[in-house]
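Contents: one structure, followed by commentary.
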Amino acid sequence: MRALIVEDDPTIADFVAKGLREAGFVVEVARDGDRGLQRAVSEPFDVAIVDVMLPGRDGLSLIDALRGRGIRTPVLILSAKRSVDDRVRGLQAGGDDYLTKPFAFAELLARVQALVRRASGAAEPTRLTVGDLTLDLLSREVERRGQRLDLRPREFSLLEYLMRHPGRVLSKTMILSHVWGYSFDPGTNVVDVLVSRLREKLDRPFDTPLLHTVRGVGYVLRPEP
Amino acid sequence: MTIRRAIGLRLALWYAGVFITSSIVLVALTYALLAASLRQRDQQIVASTLRDYAARYDAGGLPAVISAVELEQRTGSREQLFVRVLGPGRDALFLTMPRAYARFDVDGLETDADGIRAEPARDRTAVLEVATARLPDGTVLQVGKSSDNREQLLERFRRVMLIVSGLIILAGLAGGAVVTHSTLQPLRALASVVTRIAATGRTDARVPVPETNDAMEDLSRSFNTMLDRIDALMTAMRDSFDNVAHDLRTPMTRLRGLAERALADGSPAAAREALADCLEEAERMQAMLDTLMDISEAETGALRLAVTDVAIAPLVEEVRALYEDVADDKAVQLEAQAPPDLTVPADRDRLRQALANLVDNAVKYTPAGGRVTVTADRDNEGVAIRVADTGVGIAPGDRERVFDRLYRGDRSRSERGLGLGLSLVRAYVHAHHGRVTVEDNGGGGSVFTMWLPQE
Numbered sequence: 001m002r003a004l005i006v007e008d009d010p011t012i013a014d015f016v017a018k019g020l021r022e023a024g025f026v027v028e029v030a031r032d033g034d035r036g037l038q039r040a041v042s043e044p045f046d047v048a049i050v051d052v053m054l055p056g057r058d059g060l061s062l063i064d065a066l067r068g069r070g071i072r073t074p075v076l077i078l079s080a081k082r083s084v085d086d087r088v089r090g091l092q093a094g095g096d097d098y099l100t101k102p103f104a105f106a107e108l109l110a111r112v113q114a115l116v117r118r119a120s121g122a123a124e125p126t127r128l129t130v131g132d133l134t135l136d137l138l139s140r141e142v143e144r145r146g147q148r149l150d151l152r153p154r155e156f157s158l159l160e161y162l163m164r165h166p167g168r169v170l171s172k173t174m175i176l177s178h179v180w181g182y183s184f185d186p187g188t189n190v191v192d193v194l195v196s197r198l199r200e201k202l203d204r205p206f207d208t209p210l211l212h213t214v215r216g217v218g219y220v221l222r223p224e225p
Numbered sequence: 001m002t003i004r005r006a007i008g009l010r011l012a013l014w015y016a017g018v019f020i021t022s023s024i025v026l027v028a029l030t031y032a033l034l035a036a037s038l039r040q041r042d043q044q045i046v047a048s049t050l051r052d053y054a055a056r057y058d059a060g061g062l063p064a065v066i067s068a069v070e071l072e073q074r075t076g077s078r079e080q081l082f083v084r085v086l087g088p089g090r091d092a093l094f095l096t097m098p099r100a101y102a103r104f105d106v107d108g109l110e111t112d113a114d115g116i117r118a119e120p121a122r123d124r125t126a127v128l129e130v131a132t133a134r135l136p137d138g139t140v141l142q143v144g145k146s147s148d149n150r151e152q153l154l155e156r157f158r159r160v161m162l163i164v165s166g167l168i169i170l171a172g173l174a175g176g177a178v179v180t181h182s183t184l185q186p187l188r189a190l191a192s193v194v195t196r197i198a199a200t201g202r203t204d205a206r207v208p209v210p211e212t213n214d215a216m217e218d219l220s221r222s223f224n225t226m227l228d229r230i231d232a233l234m235t236a237m238r239d240s241f242d243n244v245a246h247d248l249r250t251p252m253t254r255l256r257g258l259a260e261r262a263l264a265d266g267s268p269a270a271a272r273e274a275l276a277d278c279l280e281e282a283e284r285m286q287a288m289l290d291t292l293m294d295i296s297e298a299e300t301g302a303l304r305l306a307v308t309d310v311a312i313a314p315l316v317e318e319v320r321a322l323y324e325d326v327a328d329d330k331a332v333q334l335e336a337q338a339p340p341d342l343t344v345p346a347d348r349d350r351l352r353q354a355l356a357n358l359v360d361n362a363v364k365y366t367p368a369g370g371r372v373t374v375t376a377d378r379d380n381e382g383v384a385i386r387v388a389d390t391g392v393g394i395a396p397g398d399r400e401r402v403f404d405r406l407y408r409g410d411r412s413r414s415e416r417g418l419g420l421g422l423s424l425v426r427a428y429v430h431a432h433h434g435r436v437t438v439e440d441n442g443g444g445g446s447v448f449t450m451w452l453p454q455e
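Heads up: the protein sequence lines correspond to chains A and B, in order.
Going by the numbering used here, the first sequence opens with residue 1, and the numbers climb by one from there.
Going by the numbering used here, the second sequence opens with residue 1, and the numbers climb by one from there.
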């Protein structure tokens, strides 16, 4: 997997590049819009992460130029602006997804992987497995060590989300928007409450926990502690 | 500046031109009228004198005329006239005239036609108004009067008029200048205010509004209204910047404190702990900043609402579902119901967020065993969405202040929160031109009501 980062801020670029390398990507970094466009045109990439505010050519015009040359590399737009208008403009310019700064790296990674998966057109699995846990997407049944777990729809939705990203930390914001379709902070932590309910059914009856809290970041599902 | 001066000069010249021309025309007309009436009077004098002498001649012949003329000259009550009596053979039987009349060629006077004629002097400085009458016996009687007198009068009049015209021109120019000055006064005031604002960036100056009931007054008023709006916007923006800065100071201080303590401790475990705390704090700051920006946008009118007809029942149900587990955990009963056909024009996301904040607040401050009820109905003010709880209630003195930024009543200190939720509710509801109130819920607890206009 090859990823191109077009970002002028060295701290953010390094932080994202390091994270993506750890996740198995080969990463190239361009520090301005013109160099970014040149690389994106001359080399094949599976995904590009493009900042909107760039020296020289800005991110939106970069994407526009890229699409103008028929290059369909999926693009995740990074922006410090979070208004709906900016999001719409970014997607209209040909971006595939939009992430607002500041962001949790877990969220960026999840979005990048989703873009790559969507572009590669991999077949949807009907059954998810993590360790001794299986989730059947068709019958909507969940079993752990052969024991059937009785989950409510929202708990099922959360577990499915976690099982699609095993070992990846998912932030509260991501869970909120995935499970409830909410994009704002609802004040009281409804996510915490849902997670503790799921944990009650998923981990309480067994000796090894699967669902872990990563303090300050979010939650992760992984077989070993 | 140059343009304004050019306008001023043009206006002044126009004013003076119109004023002077009309005044001069008036003077000229007066002069012509005076000259004509003076001439008419002279002609009347010669005509009536001629009639008088003709009657005397009729009665007493030439001697009667002569004696009348001599009597006239002796008493001298009137200006002396030219009087001539010609016999049938056009020989002068009698002639008298003032010395000054020598300028007139009396010998060449027409004698064959009755009536009044004007005979110019040899030096053309005056005319002799001559009335001629042929009497039945062939005698010709002539009476003449020089225009000298009336010319003198007219000359004096002309001299006065010249002075008056000079004064008129001066008055015209001065008037033009004054009128222009006063007409352009509001413009100058406007220009000076604009210049001052451009130079200092302060928008608290206002243009004096002239009570002239004209375009200038309208312009000045509109300009002041515009300044008021800019001022309000600037103040609101400045305030929200101040508030944001102030509101972020507390979490920043906590952030600093966490990092400093971890550094001082030095152990890796403490560092890990502090880093996690810092991340959480950063997340809270981000949420706070987002909310503050939303409030500021809504309050300054910069928020663009995507208004559609929002069905209330599904909206209420969505919010209930969001807080279902939270309420359940606290053993608080959460119920929601709305008429299925109730809709209101609103931005669905913002309205949902406002309602979510109210429900969040209600669930948070309602103890175990309590109940939170969301209802909606239509009244003549519009659509009312109510969130009632059986919680601790809000002291009457706090009811207005709960909507203020970061205000947290004494009874809510123990609960964690940003203190911005209700401010956001109010800002969003106001952006929808609605209002939000809080009242006592009978047996303890509070009722928050959002009214949204139907139009």
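Each residue gets a CB set at the ideal place from its N, CA and C atoms; glycine is no exception.
Predicted, not measured: the structure shown is a model, and the values here were computed from it.
is_contact[Leu211 of chain A, chain B] using C-beta, thresh 7 Å
no
With a CB to CB cut of under 6 Å and the five nearest residues on each side skipped, what residues in its chain are close to Glu143 of chain A?
Thr134
Given a cut-off of 7 Å on the beta-carbon distance, is the pair Leu292 of chain B and Val344 of chain B in contact?
Not closer than 7 Å, so no.
Can you list, in chain order, the stretches of the alpha helix (DSSP H) that have 4 or more residues and sit fully within the region 12-67 of chain A?
Taking only runs of at least 4 residues, the alpha helix (DSSP H) segments lying wholly in the region 12-67 of chain A are 33-42.
If you compare alpha carbons, which of B:Ala271, B:Thr49 and B:Thr235 is closest to Thr300 of chain B?
B:Thr235
Within chain B, the residues that Gly216 of chain A reaches when beta carbons sit closer than 9 Å
Below the 9 Å Cβ cutoff, chain B contributes Leu275, Ala276, Asp277, Cys278, Leu279, Glu280, Glu281, Ala282 and Glu283 as neighbours of Gly216 of chain A, in chain order.
Counting contacts by CB-CB distance shorter than 7 Å, is Asp239 of chain B in contact with chain E?
The chain inventory of the structure shown lacks chain E, comprising the protein chains A and B.
Taking three-plus beta-carbon pairs below 8 Å as touching, is the region 42-57 of chain B in contact with the region 162-170 of chain B?
Judged by pairs of C-beta atoms under 8 Å, the region 42-57 of chain B does not touch the region 162-170 of chain B, as fewer than three such pairs exist.
If contacts are defined as beta-carbon pairs under 8 Å, then Ser456 of chain B and Tyr101 of chain B qualify, I think. What distance do you get, rounded to the angstrom?
Residue coverage of chain B in this structure runs from 1 to 455, which leaves residue 456 of chain B outside it and unanswerable.
Do we get a CB-CB distance below 7 Å when we pair Val326 of chain B with the residues of chain A?
yes
Cα-Cα separation between Arg413 of chain B and Asp398 of chain B, rounded to whole angstroms
With a pLDDT of only 43 at Arg413 of chain B, under the threshold of 50, the placement of this residue in the model should not be trusted; the figure read from the coordinates follows. The alpha-carbon atoms of Arg413 of chain B and Asp398 of chain B are separated by roughly 13 Å.
With distances taken Cα to Cα, identify the nearest neighbour of Ala121 of chain B among B:Asp114, B:Val130 and B:Met226.
Ranking B:Asp114, B:Val130 and B:Met226 by Cα distance to Ala121 of chain B puts B:Val130 first.
Give the secondary structure of Ser414 of chain B by DSSP, where H, G and I count as helix, E and B as strand, and everything else as coil.
Legend: pLDDT at Ser414 of chain B = 45, less than 50; position of this residue unreliable, no value from coordinates given.
Taking the runs of the alpha helix (DSSP H) that are 4 residues or longer, which of them lie wholly in the region 335-421 of chain B?
348-364
Between the Cα of Arg69 of chain A and the Cα atoms of A:Ile77, A:Leu162, A:Val47 and A:Gly94, which residue gives the shortest distance?
A:Gly94
Burial state of Leu141 of chain B, where buried means 16 or more other Cβ atoms lie within 10 Å:
buried
Could you check where the beta strand (DSSP E) with Tyr182 of chain A kicks off and where it finishes?
Careful: Tyr182 of chain A lies outside any beta strand (DSSP E) and carries neither H nor E.
Hey, is Arg411 of chain B's beta-carbon within less than 7 Å of any beta-carbon in chain A?
Because Arg411 of chain B sits at a pLDDT of 47, beneath the cut-off of 50, its placement in the model cannot be relied upon, and the following sentence gives the value as read from the coordinates. With 7 Å as the cut-off, Arg411 of chain B does not count as an interface residue toward chain A.
Report the partner residues of Gly218 of chain A according to the DSSP bridge assignment.
Per DSSP, A:Ser171 and A:Val214.
Proximity to Lys18 of chain A [Cα-Cα], best of A:Leu37, A:Ala106, A:Asp150 and A:Trp180
Relative to the Cα of Lys18 of chain A, the nearest Cα in the group A:Leu37, A:Ala106, A:Asp150 and A:Trp180 belongs to A:Ala106.
DSSP state of Ile116 of chain B mapped onto helix, strand, coil:
strand
DSSP state of Gly442 of chain B mapped onto helix, strand, coil
coil
Closer than 7 Å by beta-carbon distance: list the chain B residues that pair up with Leu194 of chain A, in chain order.
Asp325
Segments of 3+ residues assigned as beta strand (DSSP E) that fall wholly inside the region 110-162 of chain B
115-120, 127-134 and 140-146
Here's a check: name, in chain order, each residue in its chain whose Cβ is nearer than 7 Å to the Cβ of Asp42 of chain B, leaving out the five neighbours to either side.
These residues qualify, in order along the chain: Glu129, Lys145, Ser147 and Arg150.
From the DSSP output, read off the bridge partner residues of Arg320 of chain B.
None, per the DSSP bridge assignment.
Chain-ordered residues of the region 310-324 of chain B with a beta carbon less than 7 Å from chain A:
Leu322 and Tyr323
Residues sharing a beta bridge with Val75 of chain A, DSSP:
A:Ala48
Could you work out which residue in B:Val106, B:Glu155, B:Val372 and B:Ala384 is closest to Ala35 of chain B when comparing CA atoms only?
B:Glu155
Any idea if Trp14 of chain B is buried or exposed, counting beta-carbon neighbours within 10 angstroms, 16 or more meaning buried?
exposed
Kindly identify the DSSP beta-bridge partner or partners of Ala311 of chain B.
Answer is B:Thr343.
Based on Cα-Cα distance, which residue from B:Pro339, B:Val359, B:Leu422 and B:Tyr365 lies nearest to Leu379 of chain B?
The sequence given here places Asp at residue 379 of chain B; Leu does not occur at that position. Cα-wise, what sits closest to Asp379 of chain B is B:Pro339.
Between B:Ala177, B:Thr200 and B:Ala215, which has its C-alpha nearest Leu187 of chain B's C-alpha?
Minimum Cα-Cα distance from Leu187 of chain B among the listed residues B:Ala177, B:Thr200 and B:Ala215 corresponds to B:Ala215.
Reduced DSSP secondary structure (H/G/I, E/B, other) of Gln185 of chain B:
Under the three-state reduction of DSSP output, Gln185 of chain B falls in the helix class.
Taking Gly444 of chain B as the reference, give the member of B:Thr366, B:Thr225, B:Asp290 and B:Arg74 with the closest Cα.
B:Thr366
With 7 Å set as the bound, which would you pick, yes or no: does the beta-carbon of Asp329 of chain B sit closer than that to a beta-carbon of chain A?
yes
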